[in-house]
Every structure is written in structure tokens, then in C-alpha cells.
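As C-alpha cells, the structure follows; a few thoughts come after it.
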Amino acid sequence: MAPDSPDAPADEPRTDADASPESGPAPNAARVADLDWSESERGDRFAFRRKRLAERAGGRDLGCSLYEVPPGRRPWPTHYHEGNEEALYVLSGTGTLRTREGAADLDLEADTYVALPAGADYARQIENDGDEPLRYLALSTMNHPDVTVYPDSGKVGVFCGAPPGGDKNARTLNDYFPRDAAVGYWEGEPTDEE
Numbered sequence: 001m002a003p004d005s006p007d008a009p010a011d012e013p014r015t016d017a018d019a020s021p022e023s024g025p026a027p028n029a030a031r032v033a034d035l036d037w038s039e040s041e042r043g044d045r046f047a048f049r050r051k052r053l054a055e056r057a058g059g060r061d062l063g064c065s066l067y068e069v070p071p072g073r074r075p076w077p078t079h080y081h082e083g084n085e086e087a088l089y090v091l092s093g094t095g096t097l098r099t100r101e102g103a104a105d106l107d108l109e110a111d112t113y114v115a116l117p118a119g120a121d122y123a124r125q126i127e128n129d130g131d132e133p134l135r136y137l138a139l140s141t142m143n144h145p146d147v148t149v150y151p152d153s154g155k156v157g158v159f160c161g162a163p164p165g166g167d168k169n170a171r172t173l174n175d176y177f178p179r180d181a182a183v184g185y186w187e188g189e190p191t192d193e194e
């Protein structure tokens with residue numbers, strides 16, 4: 001069934017089950033206009049609106065969301081991923097991509113693409129320091145398990161069963177820990193017979 005046919009639901013993605021057995025699975029589209037914004041705000045520093053494009057289109061190994069960050073705000077704390085690569089493509093507005101200490105920050109403006117491989121060298125935080133909303137596509141691999149490191153606060157996030165941005169209900173482990181809470185391998189383990 002074609003996604004634009006009168007029989008296709010406008011608010012649900014076409015799935016493999018919608019394809020005829022002869023044709024096999026078919027691509028699905030997510031239209032920005034058909035999706036509602038989800039909104040997040042934390043204090044006076046963090047805020048964004050988001051539309052999960054890849055999730056709606058049935059993406060599996062590549063995530064993609066449309067973000068809109070208001071002037072003077074940031075979407076996320078400074079972080080980097082150990083298991084996932086991300087990328088940004090700026091659609092409109094301006095901002096700054098704050099990078100790891102000792103590296104040059106990057107100016108963000110329309111038609112700017114930024115690759116953010118996994119690892120500490122690619123710690124980042126986006127800030128809308130312009131006068132208009134900053135709108136961009138955020139893409140990422142959807143690998144799990146993943147560890148997200150937050151250098152400013154000294155914590156780590158652990159994601160198993162589903163990656164960051166993935167299905168929260170599929171996660172088997174998702175928690176945040178102080179980085180200095182490390183214990184020895186044998187700590188707490190019964191090493192002697194009672």
C-alpha cells in the first residue's frame with residue numbers, strides 16, 4: 001500500500017506487514033508536518049523541541065531527529081558517546097558547537113554538516129547563541145550497548161538493550177553513575193566458602 005493512498009493511516013508508519021508477500025519490505029517515509037513536537041526543558045539553560053524522524057520511518061541502525069533549540073539555550077549537557085557516532089546538519093539559525101577543552105569551537109549556520117565520531121576527542125555541546133531558533137538534523141548510529149560520558153558533571157550513562165534515542169521499553173539497563181564510583185572487580189563478591 002502506498003503511503004499516500006487513502007487506505008494508509010496518516011499518523012502511522014508503513015511497516016513490513018503492510019507490504020504484500022510478493023513485494024517484500026518497502027521503504028517508509030516520515031513527513032515532518034505529520035509529526036508532533038516533543039518538548040524538553042530543564043532550568044533556564046536547556047530546552048529543545050524534537051521530531052523523531054527515523055523512529056517514525058521505521059529506521060533500525062540509523063537514528064535521525066529534527067531539533068529546534070530556542071535562542072540562549074542548549075539541548076544537552078556536554079557529552080560524548082563511546083559506542084555511537086553522531087552527525088549534525090544545520091537547516092536554519094546559528095549557534096556554536098562547544099568542543100572538548102583545548103579544541104576550537106565550531107560556528108554553526110545553515111548548510112553546515114558536522115561529523116562527531118565516538119570517543120573523548122569529540123566531546124560536544126550545542127548552544128544557540130543567535131537570535132532565532134536553531135534548527136538541525138541530528139543523525140546517529142544506533143549501537144548498543146553504549147556508554148555516554150558527561151565530562152562537566154563527572155558521570156556516565158549506560159544503555160543496554162536499546163541505544164540512546166532508542167526504545168526505552170527495550171532497555172535492559174539504563175542508569176547514570178558518578179564516574180568516580182568505580183569498584184574493584186572482586187569487590188562485593190563472595191570469594192570464600194561460608
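Quick note on numbering: full-length UniProt numbering labels position 163 of the sequence shown as 163, and the sequence is numbered without any gaps. Ideal placement from N, C-alpha and C gives every residue a C-beta, glycine not left out. Values in this document were obtained by computation on a predicted structure and should not be read as measured data.
- Judged by DSSP secondary structure, GLU189 falls outside any beta strand (DSSP E); it is assigned neither H nor E.
- LEU66 carries a strand assignment under DSSP once its states are collapsed to helix, strand and coil.
- CA-to-CA, the gap between ARG31 and CYS64 works out to about 12 Å.
- DSSP assignment within the stretch 31–90 yields the following whole alpha helix (DSSP H) runs of 4 residues or more, N-terminal first: 53–57.
- Beta-bridge analysis with DSSP links PRO178 to LYS155.
- Residue pairing by DSSP places ALA138 opposite SER65, LEU88 in a beta bridge.
- A residue is called buried when at least 16 other Cβ atoms come within 10 angstroms of its Cβ; PHE48 meets this threshold and is buried.
- In this chain, the beta strand (DSSP E) harbouring GLY95 covers 95–99.
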